[in-house]
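*Asks:*
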Amino acid sequence: MTNWKELDQKAKQWVEEAGELIRNSFDSALSIQYKSNPNDLVTNMDKEVEQYLISKIQETYPDHKILGEEGYGDKVESLDGVVWIIDPIDGTMNFVHQQRNFAISVGVYGDGVGYIGLIYDVVHKELYHAFRGEGAYMNELPLPKRDEVKIEQAILSVSPMWVTENKRFDHQLITPIVKRVRGTRSYGSAALECAYVAAGRLDAYMTMRLAPWDFAAGLVLLEEVGANASTLSGEKLDLLNKNSFFIGEQSLHQYILKEFLVK
Ligand code: 2AM
Ligand code: CA
Ligand code: CA
Ligand code: CA
């Protein structure tokens, strides 16, 4: 039997320690490498933070599985048992260029059910956290359930990239949504964008392609505030593969799917 409460305390402690590692690194030179293309960055800190978290988890919970972006975890092929889904730095481009607007994201699942979501905005020392059934918080502050939002009053987070012609999605489906909402934003960290939808700073967020570590923690927070999450075609998200991604306050999410996305 998993002691989820104890696990939650430890996970929070390790995430905060990892955040300290990152804050202390700002004075040292970063080593930056490219992954799939010159805009796909990874630094020594992405790797160090992932290794730090994995070493703590493995020491304490040797039978848990770990899925991490930088590949130091396990090859996870099913959600059976306890699975940690980790993005050591979500928003690496922001980390490199801005030293802000990035987060550590840790989601912990038991047999496919999200129990714990932690999104740590390292620079602002803001920990967005949720425990299944016990609500979502930003540090000590409870995040209330989201109230209904009309599209005309909504702030939508979407990357300008997806509103131009691209190979993944018909951008002409997105243009009319951008025209209807009150405003758009783009933060460049999917995990923070999930936290912001949970916290009411954003009303919806859509993007063409995310990996499980980008949203595993976010889904736990969103569930606790009653927000919806799906693919752009309204299907259930798959925590073992890449997905298109659309989250929002429940009524807004349903409205946008029906009016604009699922024809
Ligand atoms: P990262 O910084 O951890 O790589 C940027 O808009 C957001 O998309 C970030 O959350 C970023 O995570 C993520 N991202 C960047 N490249 C990606 C890719 N090739 N596939 C999926 N998500 C990606
Ligand atoms: Ca990356
Ligand atoms: Ca990421
Ligand atoms: Ca990352």
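Sequential numbering of the sequence shown, starting at 90, is according to my numbering.
Beta carbons: idealized from backbone N, C-alpha and C, even for Gly.
Remember, predicted model here, so these are calculated numbers, not experimental data.
1. With distances taken between CB atoms, is the gap from Val195 to Val104 smaller than 8 Å?
2. In whole angstroms, what is the alpha-carbon distance linking Ser248 and Met90?
3. Look at the Cβ atom of Ser35, then the Cβ atom of Asn133, and state whether they are nearer than 8 Å.
4. Run the CB neighbour count on Pro301, radius 10 Å, all protein chains shown included, and call it buried at 16 or more, exposed below.
5. Within its chain, find whatever has a CB closer than 8 Å to the CB of Gln187; leave out the 5 residues flanking it on each side and keep chain order.
6. Please list, following the chain, all residues that have a C-beta closer than 5 Å to any non-hydrogen atom of ligand 3.
7. Identify the residues that DSSP records as bridge partners of Ser319: which are they?
8. Please list, in chain order, all residues of the same chain as Val212 whose beta carbon is under 6 Å from its beta carbon, the five residues on each side excluded.
9. Where do the ends of the beta strand (DSSP E) carrying Ala192 lie?
10. May I ask whether a heavy atom of ligand 6 can be found less than 7 Å away from the beta carbon of Glu282?
11. Which two residues bound the contiguous beta strand (DSSP E) that contains Arg298?
12. Please state if the CB of Ile205 and the CB of Ile345 are separated by a distance shorter than 8 Å.
13. Based on Cα-Cα distance, which residue from Asp327, His342, Lys352 lies nearest to Tyr198?
14. Taking the CB atoms as reference points, tell me whether Ile174 and Ala316 lie closer together than 8 Å.
15. Going straight from the alpha carbon of Phe258 to that of Ser322, what length do you get?
16. Assign His153 to one of three DSSP states: helix, strand, or coil.
17. So Tyr294 packs on Glu282, CB below 8 Å; how close in whole Å?
18. Tell me whether the beta-carbon of Ala243 lies closer than 8 Å to the beta-carbon of Leu350.
19. Mind checking whether the beta-carbon of Ala279 lies closer than 7 Å to any heavy atom of ligand 1?
20. Taking 7 Å as the cut-off, is the CB of Thr273 close to at least one heavy atom of ligand 4?
21. Let me check understanding here. Comparing Cα to Cα, which of Glu237, Glu158, Thr264, Arg290 lies closest to Tyr276?
22. Looking at the secondary structure, which residues open and close the beta strand (DSSP E) in which Pro177 lies?
23. Taking Cβ to Cβ, would you say Tyr141 is nearer than 8 Å to Leu168?
*Replies:* Taking the structure as given:
1. Taking the sequence shown and counting its residues from 1, the one referred to as residue 195 is at position 106. Taking the sequence shown and counting its residues from 1, the one referred to as residue 104 is at position 15. Result yes, Cβ atoms of Val195 and Val104 sit closer than 8 Å.
2. Counted from its first residue, the sequence shown places residue 248 at position 159. Counted from its first residue, the sequence shown places residue 90 at position 1. Spanning the alpha carbons of Ser248 and Met90 requires a straight line of approximately 42 Å.
3. Past the boundaries of the shown model lies residue 35; the chain is included only from 90 to 352, so the question cannot be answered.
4. To locate residue 301, count along the sequence shown from 1; it is residue 212. Counting of Cβ neighbours within 10 angstroms places Pro301 among the buried residues, the total reaching 16 or more.
5. Walking along the sequence shown from the start, residue 187 turns up at place 98. Nothing listed; no residue qualifies.
6. Residues whose Cβ lies closer than 5 Å to any heavy atom of ligand 3, listed in chain order: Asp176, Asp179, Asp303.
7. What you label residue 319 is simply residue 230 of the sequence shown in a count that begins at 1. According to DSSP, residue pairing for Ser319 in a beta bridge involves Phe335.
8. Numbered from its first residue, the sequence shown carries residue 212 at position 123. Arg189.
9. Numbered from 1 along the sequence shown, position 103 holds the residue referred to as residue 192. In the DSSP assignment, Ala192 falls within the unbroken beta strand (DSSP E) covering 192 to 199.
10. As presented, the structure is devoid of ligand 6, carrying ligand 1, ligand 2, ligand 3 and ligand 4 as its sole ligands.
11. By one-based count along the sequence shown, residue 298 stands at place 209. Run containing Arg298: 293 to 299, per the beta strand (DSSP E) assignment.
12. Reading the sequence shown from its first residue, position 256 is the one you call residue 345. Reading the sequence shown from its first residue, position 116 is the one you call residue 205. For Ile345 and Ile205, no; Cβs fall outside 8 Å.
13. As a working note, residue 198 is residue 109 in the sequence shown. Taking only the C-alpha atoms, the option nearest Tyr198 is Asp327.
14. The residue you call residue 174 lines up with position 85 of the sequence shown. The residue you call residue 316 lines up with position 227 of the sequence shown. Not closer than 8 Å, so no.
15. If you number the sequence shown from 1, residue 258 lands on position 169. If you number the sequence shown from 1, residue 322 lands on position 233. Distance from the CA of Phe258 to the CA of Ser322, rounded to the nearest whole angstrom, comes to 11 Å.
16. Looking up residue 153 in the sequence shown gives position 64. In the structure shown, His153 sits in coil (DSSP, three-state: anything other than H, G, I, E or B).
17. For this step, residue 294 is matched to residue 205 along the sequence shown. For this step, residue 282 is matched to residue 193 along the sequence shown. That belief holds up - the Cβ atoms of Tyr294 and Glu282 are roughly 4 Å apart, short of 8 Å.
18. As a first step, residue 243 must be located in the sequence shown, where it is residue number 154. As a first step, residue 350 must be located in the sequence shown, where it is residue number 261. No, they are not a contact pair.
19. The residue you call residue 279 lines up with position 190 of the sequence shown. Within the cutoff, so yes.
20. Taking the sequence shown and counting its residues from 1, the one referred to as residue 273 is at position 184. Not one heavy atom of ligand 4 lies closer than 7 Å to the C-beta of Thr273.
21. Against the sequence shown, residue 276 aligns to sequence position 187. Among Glu237, Glu158, Thr264, Arg290, the Cα nearest to that of Tyr276 is on Arg290.
22. For the purposes of this step, residue 177 is identified with residue 88 of the sequence shown, where counting begins at 1. Pro177: member of the beta strand (DSSP E) spanning 171 to 179, first to last residue.
23. Position 52 of the sequence shown, counting from 1, holds the residue named residue 141. Position 79 of the sequence shown, counting from 1, holds the residue named residue 168. For Tyr141 and Leu168, no; Cβs fall outside 8 Å.
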